[in-house]
């Protein structure tokens, strides 16, 4: 689905939420993806914190089916070389692969936690808990450099829906 594609892309391109997208009959079209305020770096901690922020704060609520699709997208990305980025972003092939591996593990763990508890009809319904669990799972996947770093991400994952300013209501049927 386009929601899964958007969510997976937003873990690498952090300004998708700033109305830099449009819609055509073919689906979502991304525009003006400079992401200059939070560029990809060669620091796993920073990249993962930015991805968690993007998924929980700016991405529409995900469904379990969206999460399974995201996992598949990340797997397909593993078989492709690092896309070309401007030198400013400093992303290496190794960091790209590390991020993909972490995102796949995060998807696997959230799916394993939720799938047994959600009846089949609920698998396609967007659910805030999925975004929150994805964000929290980041805490388990990255090497924390300090307690302060972990505190920042913990607070981020606990934000209430009303704290998610600017969220657009988008259905999973895009």
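In this note's numbering, the protein residues as written are 63 to 236. In this text, a Cβ means the ideal position worked out from N, Cα and C, and glycines have one as well.
Does DSSP put residue i in a helix, a strand or coil?
i: residue 141; result: coil
i: residue 63; result: coil
i: residue 105; result: coil
i: residue 72; result: helix
i: residue 146; result: coil
i: residue 181; result: coil
i: residue 119; result: helix
Can you check DSSP and say which residues form a bridge with residue i?
i: residue 124; result: 189
Could you pull the start and end residues of the alpha helix (DSSP H) that residue i belongs to?
i: residue 176; result: 155-176
For the pair the segment 176-183 and the segment 107-114, tell me if three or more CB-CB distances fall below 8 Å.
no
- Query: Counting Cβ pairs, one atom from each stretch, are 3 or more of them under 8 Å apart for the segment 135-147 and the segment 184-201?
  - Reply: no
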